[in-house]
Structures are given as structure tokens and as C-alpha cells.
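S.K.:
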Amino acid sequence: MKIVFEKRAFDDFTEWAAVNKKIHRRIVNPITDALRQPNAGIGKPEPLKHELQGYWSRRITDEHRLVHKWEGDMFVIIACKYHYRP
Numbered sequence: 011m012k013i014v015f016e017k018r019a020f021d022d023f024t025e026w027a028a029v030n031k032k033i034h035r036r037i038v039n040p041i042t043d044a045l046r047q048p049n050a051g052i053g054k055p056e057p058l059k060h061e062l063q064g065y066w067s068r069r070i071t072d073e074h075r076l077v078h079k080w081e082g083d084m085f086v087i088i089a090c091k092y093h094y095r096p
């Protein structure tokens, strides 16, 4: 299994690490949980629709979401800041 960040998601993830450690931890926990149980667990996971069909969203805060999907043995993260930007 491999965790893969798209560039913008990785930039946001590292920015959270520098700017707000609390939110950074709130991103790491859902990632860890999603690796154990992809469609359940913390962050209220929900499947996305339309242009993001196939992706799942987990709540980080009221404003921010972790958006991810499985591609074979890769866990791909496309966003961890704001809502559902493709």
C-alpha cells in the first residue's frame, strides 16, 4: 500500500504542518483510519458525486475536507483544504 498526494494536496498538507498543528493532526487521523476501514470511521466518510465520483470525503473541520480514493494499492489524496475542489 502506498499513500500518494497530488501536488496541491501535498502543498496544503505541509502548509497545515507549519501553520496549524491541530488541523494537521486532524488530517493525519482520518488518513490512518481510511487505510484501516475505507468506507467507514472518523470524519463522516461519504462518497462524492458528479465530477468527483469515485472519491470519498472525510470531514476535517466545518470548512475543510479530506478528499481521497483507492486506485489499486494506492491511497490517493487530492485535497485536504476547503471543500471538494477538483
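Numbering (the numbering used here), first residue to last: 11 to 96. Where a beta carbon is used, it is the ideal one built from N, C-alpha and C, also for glycine.
Hey, out of Ala27, Met11 and Val77, whose CA is closest to tyrosine 65's CA?
M.R.: Here residue 65 corresponds to residue number 55 of the sequence shown, with the count starting at 1. Nearest option by C-alpha distance: Val77.
S.K.: Where in the segment 26-61 do unbroken runs of the beta strand (DSSP E), each at least 3 residues long, occur, reported from the N-terminal end onward?
M.R.: The qualifying runs do not exist here; there are none.
S.K.: Going by DSSP, which residues form a beta bridge with phenylalanine 15?
M.R.: On the sequence shown, residue 15 is found 5 positions in, with the first residue counted as 1. BP columns for phenylalanine 15 point to Ile87.
S.K.: What residue does the beta strand (DSSP E) around histidine 78 start on, and which one ends it?
M.R.: Here residue 78 corresponds to residue number 68 of the sequence shown, with the count starting at 1. It spans 75-81 - the beta strand (DSSP E) in which histidine 78 sits, taken as one unbroken run.
S.K.: So the candidates are Cys90, Arg75 and Arg46; which of them puts its Cα closest to the Cα of aspartate 83?
M.R.: Within the sequence shown, residue 83 is the residue found at index 73, counting from 1. For aspartate 83, the nearest C-alpha among the options comes from Arg46.
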